[in-house]
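Its first residue numbered 3, the sequence shown is counted upward by one per residue in the numbering used here.
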Amino acid sequence: MTAPLLQQYEEVVGSEVMQELSVIARHVGKRRMQNINSTPVGGGVAELLGRMVPLLRELGVDATWDVIKGNQTFFATTKAFHNALHGKPIDLTGHMLESYRETTEMNLREINFTGDVIWIHDPQPAGLIAAKTRIGRRWVWRCHIDVSSPDQRVWKFLKPFVDQYDSAIFSMPDFAQQLSIPQFMVAPSIDPLSDKNRELDESTIDQVASKYHLDRERPILTQISRFDRLKDPIGVIAAYRLVKARRDCQLVLAGGGASDDPEGFEVLQEVRNAAENDRDIHVLLLPDGSDLEINALVRASTVVFQKSIREGFGLTVTEALWKKKPVIGGDVGGIRLQILNGITGYLVHSPEGAALRTLQLLADRELRRRMGENGFQHVKQNFLLTRDVKDHMLVMLALEHPDEDVVHAD
Ligand code: UDP
């Protein structure tokens with residue numbers, strides 16, 4: 003009998019995809035996969051592991067997940083590392099390096115390394131590689147962040163750890179670094195069964211739309227994003243105004259992250275000022291855990307924006323394409339892998355460009371439908387959790403053939 007989780011995924015992705023996963027899982031066999039990261043909740047990595055580990059287990063793979071421990075100083079240090087790896091200059095002190103080393107030592111003593119393949123996620127636990135000389139096994143550094151132009155001092159500190167791994171995995175080529183070890187590219191993914199992405203009935207969408215005073219009879223343009231200048235919410239308002247001069251519509255700018263982030267709060271104020279008293283601009287500050295509402299807001303939308311000036315992968319784009327929405331996005335980062343220009347949406351470089359494309363889409367229902375369908379298929383083939391799980395299993399197998407470009411599974 004099919005296990006419940008496998009059955010649920012099969013309903014979304016089809017039996018061929020699930021059969022392929024089962025075959026690969028059989029090849030993985032008894033090899034144990036141990037994931038280690040720095041937090042059990044919050045953030046994309048914890049979200050991914052929380053979804054991926056149970057699915058792997060149902061496929062028969064012995065996947066586990068451990069979390070390192072650390073005090074406030076350690077997490078303040080790794081937060082600073084995170085910013086520095088993104089290219090933001092920080093004040094790197096000897097005290098910080100000491101905290102990283104001490105915490106690593108403590109976790110080396112406390113963690114039970116059970117995996118045949120040990121997946122270390124992001125920089126926080128990267129120092130655990132020190133255990134490799136003692137216990138062997140295969141070690142993968144799964145880097146979820148963009149380290150292509152890091153602060154050199156932090157990178158210099160981390161790189162000697164990274165170079166000891168058997169391989170490194172990056173989300174896209176643009177995020178990677180020159181390393182002496184083999185690298186794999188594994189794109190991020192979304193879970194089609196999560197509250198943020200699962201199907202909703204029309205009455206739920208209606209309810210959420212009316213809660214936020216949206217009129218479903220008129221076009222709704224939406225951007226879901228933290229209130230961050232790099233997401234260009236002011237540019238989105240400028241685009242909306244240009245559209246609005248020609249065609250009636252409403253704009254939703256919904257996001258969180260402004261309550262505990264002083265810069266986010268400032269951006270939220272700027273956005274509110276720019277919205278003036280336009281009753282058709284809805285600036286929504288959503289608390290954490292608003293996944294179902296975000297899902298409904300996107301589903302209620304006619305066109306979705308992600309007009310970022312800089313972007314990581316841009317999961318909001320994946321989420322909107324999955325809901326069959328044409329997406330107008332900035333021509334940056336992972337948005338470029340997702341918006342195939344003119345096929346799943348449009349890449350733009352200015353509010354004027356965004357407005358022009360929006361008008362084109364609002365005037366053509368068939369174009370919207372076609373793009374929505376293309377976007378859905380693009381995500382289905384490339385950016386769902388099932389593809390991520392497949393890649394993880396394939397990396398496990400490929401690691402055993404470090405010098406081969408093509409691995410034949412027998
Ligand atoms: N998101 C959310 N609440 C918000 C804004 C965004 O839950 O108020 C989610 C969004 O649905 C997506 C993720 O946070 O899953 C944002 O990821 P993305 O890669 O688009 O951008 P980031 O915020 O990581 O720069």
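Beta carbons are placed, not taken as given, at the ideal position from N, Cα and C, and that holds for glycine.
Query raised in the report: To the nearest whole angstrom, what separates the beta carbons of Ala-48 and Pro-42, a pair I think is in contact under 8 Å?
Result: That pair is a contact at about 6 Å.
Report task. Tell me whether Met-3 sits in a helix, a strand or coil according to DSSP, three-state version. Result -> With a pLDDT of 49 at Met-3, under the threshold of 50, the predicted position of this residue should be treated as unreliable, and no value is reported.
Query raised in the report: What number of angstroms, rounded off, separates the C-alpha of Leu-216 from the C-alpha of Asp-208?
Result: 9 Å
Report task. Kindly give me the distance between the Cβ atoms of Met-174 and Phe-315, rounded to whole angstroms, as I take these residues to be in contact under 8 Å. Result -> 7 Å
Query raised in the report: Quick one: is Ile-122 buried, meaning 16 or more other Cβ sit within 10 Å of its Cβ, or exposed?
Result: Residue environment analysis places Ile-122 among the buried positions, since at least 16 neighbouring C-beta atoms fall within 10 angstroms of its C-beta.
Query raised in the report: Around the Cβ of Asn-297, are there at least 16 other Cβ atoms within 10 angstroms (buried) or fewer (exposed)?
Result: With 16 or more Cβ atoms within 10 Å of its Cβ, Asn-297 is classed as buried.
Requested in this report: Compare the beta carbon distance of Leu-299 and Ile-236 with 8 Å and say whether it is the shorter of the two.
Outcome: no
Query - From Ile-311, Trp-324, His-351, Leu-202, residue whose alpha carbon lies closest to that of Arg-231 - result: Ile-311
Query raised in the report: Which class does Leu-61 belong to by DSSP, given the choice of helix, strand or coil?
Result: coil
Query raised in the report: Between Glu-321 and ligand 1, is the CB less than 7 Å from at least one heavy atom?
Result: yes
Query raised in the report: Closest to Asn-376 by CA distance: which of Ile-341, Phe-115, Val-254, Asp-280 is it?
Result: Ile-341
Query raised in the report: From which residue to which residue does the beta strand (DSSP E) around Leu-223 run?
Result: Note, Leu-223: beta strand (DSSP E), 222-226.
Report task. In angstroms with no decimal places, state the Cα-to-Cα distance between Gly-355 and Ile-239. Result -> Annotation: Gly-355 to Ile-239 spans about 13 Å, alpha carbon to alpha carbon.
Query raised in the report: Any heavy atom of ligand 1 closer than 7 Å to the Cβ of Asp-282?
Result: no
Query raised in the report: In the structure shown, what three-state DSSP assignment does Arg-312 receive?
Result: Residue state, collapsed to three classes: coil.
Query raised in the report: Quick one: what's got a C-beta closer than 7 Å to Asn-85's C-beta in the same chain, skipping five residues either side?
Result: For Asn-85, where only same-chain residues beyond five positions count, the Cβ hits under 7 Å are Ile-92.
Query raised in the report: Could you give the uninterrupted runs of the beta strand (DSSP E) lying entirely in the region 207-279, keeping only those of 3 residues or more?
Result: 222-226, 252-257
**Report entry** Heavy atom of ligand 1 within 7 Å of Arg-228 beta-carbon
**Finding:** Because some heavy atom of ligand 1 lies under 7 Å away, the Cβ of Arg-228 counts as near it: yes.
Query raised in the report: If you run the structure through DSSP and keep just helix, strand and coil, what is Gln-126?
Result: Coil.
Requested in this report: From the DSSP output, in three-state form, read off His-97 for me.
Outcome: DSSP places His-97 within a helical segment (H, G or I) once states are collapsed to three.
Query raised in the report: What did DSSP end up calling Ile-337 once you bin it into helix, strand or coil?
Result: helix
Requested in this report: With hydrogens ignored, establish whether the beta-carbon of Ile-341 is closer than 7 Å to any heavy atom of ligand 1.
Outcome: Outside the cutoff, so no.
Query raised in the report: Any chance the CB of Lys-309 is under 7 Å from a heavy atom of ligand 1?
Result: Checking the Cβ of Lys-309 against ligand 1 gives no.
Query raised in the report: If Asn-199 and Asp-124 are in contact, beta carbons under 8 Å, what's the gap, nearest whole angstrom?
Result: That pair is no contact at about 23 Å.
Query raised in the report: Which same chain residues, not among the five before or five after Ala-400, have their C-beta less than 6 Å away from its C-beta?
Result: Val-409
Query raised in the report: Using the beta-carbon count (16 or more within 10 Å), is Gly-45 buried or exposed?
Result: By the 10 Å Cβ count, Gly-45 comes out exposed.
Query raised in the report: Beta carbon of Pro-404, beta carbon of Pro-184: below 8 Å?
Result: yes
Query raised in the report: According to DSSP, is Ser-24 helix, strand or coil?
Result: Ser-24 falls in the helix class under three-state DSSP.
Query - Residue span of the beta strand (DSSP E) that contains Gly-374, given as start and end - result: Premise fails: Gly-374 lies in the alpha helix (DSSP H), 367-384, not in any beta strand (DSSP E).
Query - Boundaries (first-last residue) of the beta strand (DSSP E) holding Val-350 - result: Its beta strand (DSSP E) spans residues 347-350.
Requested in this report: Leaving aside the five residues before and after Asp-64 along the sequence, list all residues of the same chain whose C-beta is less than 6 Å from its C-beta, in chain order.
Outcome: Arg-34
Query raised in the report: Can you list, in chain order, the residues of its chain whose CB lies under 6 Å from that of Val-397, leaving out five sequence neighbours each side?
Result: Phe-186
**Report entry** CA-to-CA distance, Glu-278 to Leu-2, given in whole angstroms
**Finding:** This structure does not reach residue 2, given that the chain is present from 3 up to 412, and the question cannot be answered.
**Report entry** Contact belief for Lys-309 with Ala-357 at Cβ below 8 Å, rounded distance in angstroms
**Finding:** Lys-309 to Ala-357, Cβ: 11 Å. No contact.
**Report entry** Through-space distance from Phe-115 to Phe-378, alpha-carbon basis
**Finding:** 40 Å
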